[in-house]
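Colleague: Numbering (our numbering), first residue to last: 1 to 388.
Note that beta-carbon positions come from the ideal geometry of N, C-alpha and C, so glycine has one too.
Keep in mind the model is a prediction, meaning the values are calculated, not measured.
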Ligand SMILES: Cc1cc2nc3c(=O)[nH]c(=O)nc-3n(C[C@H](O)[C@H](O)[C@H](O)COP(=O)(O)OP(=O)(O)OC[C@H]3O[C@@H](n4cnc5c(N)ncnc54)[C@H](O)[C@@H]3O)c2cc1C
C-alpha cells in the first residue's frame, strides 16, 4: 500500500503531525506497536494532562543547541493549542507558573487528536511491529502486517521512559540507521535516590513534602520536594534532575522566604528544642531527623551564637549528594536524542535523508516540567506535518 506519509509512533507528536498533514490533503498512515495510541498523553499530568504552558520560551528547553526549538515554538504557540481545545469545547485552567491543565482529564485531549485524525482521513494501525524501514526511491516500511511505501517518513517514536506506555529505543535506532547521531541519553524529570547516609537519616519520611528552593550550579527551582522511601521527588526535585549528573551536589534552601538568622537569634534565650522551633515552619518528622543528623538535637539556649549561625547556614544550604536516579522506569522524559545539528529547525526534515522527518521527544530537545514536553511534541509535529 502506498501513502504520502508514514508516521512511526502514534503519540503526541505523531498524531499532531498526522492531523496537520491529513488536513493538507496528504494520505497519512500512522503505525504504532502498542495496542492503542496516545498512551503517554492519557497518563500525562497524573491523568490531568499538563498540555502546554502560557510562559512558553526556548529557555525552558535543554538541548545541545538551545536555539533549535525557537522556530517550531514560534510556529505553534500555546494559544494555537488552546484554540484547538476551544474548538472541541475542552475546558482548561492555568495553575502555577503558566501550567495549563485539561480540567476534565487527559482523555479529552487524546479524543480530540483522534477525532482530528479521523476528520483528516488519517489511517492508524496499532499492534503493528515494524521489522524494517529503509529508503529506496521511496521509503519502504516492512511490518508484520505487510509492507507499506511512502514518499515521506516521520520518526515520532518517543523516548525510553515508561516501557509499559509503549516506549522503546526504536526511534533512536532507526534514526541512527539512517545516519543520524544520537547524543547521550539519560532519564530526566525523575526521582533522585538518597546516598546511603541520607537514606538512613531520611528514608522513613516517605510522603513528607516541603516547599523549598533547590539549587544546582546556577539554576534554582522553587517548589515542593516530596520525600519517597528511596529519595526525593516532587516538582522541584524533578526539575533539578534534568541538570543533575552523577557526583553532583544539590543545595536546598529549606526556608526560602524566611530570615533564618533573625528567627534563631530572636529565640536564642528560649529553652525550646531546635526541632520544636523549626516544626512551626517545617514538617516535624523532618525537623527531628534533620536536627538529629546534623547534631543539633538540643535546646536553643544551649547553642552558642556560632552554632546558631551554623544552623542558619545549614538550613539555607542543606547539601545533598544523590546516589542516582530511579531511571527510565520512573522518568517522565529522556534527555538527549537525535542530534539536532542534522535536522532542519523549520521543517524537522533530516539534512541527511530527503523526506525523513523527526519529531517530539526522540530528538535532543527536552522541556522542563510544566507542559513544555507536550508542547514540544505539538510544535515539532505541527512543523513536520506542514512540510511532509
Ligand atoms: C507518566 C508521564 C507523565 C507525563 N506528563 C506530562 C505532562 O503532564 N506534560 C508534559 O508536557 N509532558 C508530560 N510527559 C512527557 C510527554 O508525555 C512526552 O514528552 C510526549 O508524549 C512525547 O511525545 P512523542 O510523540 O515524542 O512520544 P510519545 O507520546 O511517547 O509517542 C511515541 C509513540 O511511539 C510508539 N512507539 C514506540 N516504539 C515504537 C515502535 N518500535 N514501533 C511503533 N511504534 C512505536 C509508542 O507506542 C508511542 O505511541 C509525561 C510523560 C510520562 C511518562
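Starting from residue 2, follow the beta strand (DSSP E) in both directions and report where the run begins and ends.
Modeller: To locate residue 2, count along the chain shown from 1; it is residue 2. Segment 2-8, the beta strand (DSSP E) holding residue 2.
Colleague: Which residues bound the beta strand (DSSP E) around residue 196?
Modeller: Translated into positions along the chain shown, residue 196 becomes position 196. Premise fails: residue 196 lies in the alpha helix (DSSP H), 196-202, not in any beta strand (DSSP E).
Colleague: Closer than 6 Å by C-beta to residue 19: which residues in its own chain qualify, once you throw out the five before and the five after it? Chain order, please.
Modeller: Indexing the chain shown from 1 puts residue 19 at position 19. Once the five neighbours on either side are set aside, the close Cβ partners of residue 19 are 116, 117, 120.
Colleague: Let me confirm a value: residue 197 is counted as buried when at least 16 other C-beta atoms fall within 10 Å, else exposed. Which label applies?
Modeller: Within the chain shown, numbered from 1, the residue matching residue 197 stands at position 197. Burial call: exposed.
Colleague: If we ignore side chains and look at the alpha-carbon of each, how far apart do residue 10 and residue 280 end up?
Modeller: Residue mapping note: residue 10 aligns to position 10 of the chain shown, counting from 1. Residue mapping note: residue 280 aligns to position 280 of the chain shown, counting from 1. Each residue's alpha carbon lies about 50 Å from the other.
Colleague: With contact counted as at least three CB pairs below 8 Å, one residue from each stretch, are the region 56-71 and the region 28-46 in contact?
Modeller: no
Colleague: What's the C-alpha gap between residue 307 and residue 213?
Modeller: Stepping through the chain shown from its first residue, residue 307 is reached at position 307. Stepping through the chain shown from its first residue, residue 213 is reached at position 213. C-alpha separation (whole angstroms): 23 Å.
Colleague: For the candidate residues 159, 163, 164, whose alpha-carbon lies nearest to that of residue 172?
Modeller: As a working note, residue 172 is residue 172 in the chain shown. Comparing alpha-carbon positions, the option among 159, 163, 164 lying closest to residue 172 turns out to be 159.
Colleague: What is the rounded straight-line gap between the Cα of residue 373 and the Cα of residue 266?
Modeller: Numbered from 1 along the chain shown, position 373 holds the residue referred to as residue 373. Numbered from 1 along the chain shown, position 266 holds the residue referred to as residue 266. Spanning the two alpha carbons is a distance of roughly 46 Å.
Colleague: If I follow the unbroken alpha helix (DSSP H) through residue 85, where does it start and stop?
Modeller: Here residue 85 is taken as the residue at index 85 of the chain shown, counted from 1. That run of the alpha helix (DSSP H) goes 78-87.
Colleague: Which residues bound the beta strand (DSSP E) around residue 216?
Modeller: Here the question's residue 216 lines up with position 216 in the chain shown. 209-216 is the extent of the beta strand (DSSP E) around residue 216.
Colleague: Within the same chain, show all residues whose beta-carbon is closer than 7 Å to that of residue 293, passing over the 5 residues directly before and after it, in chain order.
Modeller: If you number the chain shown from 1, residue 293 lands on position 293. The answer, listed in chain order, is 201.
Colleague: Return the chain-ordered ranges of every beta strand (DSSP E) run that is complete within the region 85-171 and spans a minimum of 3 residues.
Modeller: 92-94, 99-102, 123-125, 130-135, 139-143, 146-155
Colleague: Roughly how many angstroms lie between the CA atoms of residue 297 and residue 248, to the nearest whole one?
Modeller: Working through the chain shown from its first residue, we reach residue 297 at position 297. Working through the chain shown from its first residue, we reach residue 248 at position 248. Near 28 Å, if we compare the C-alpha coordinates of residue 248 and residue 297.
Colleague: Three or more C-beta pairs under 8 Å: does that hold for the region 340-351 against the region 60-76?
Modeller: yes
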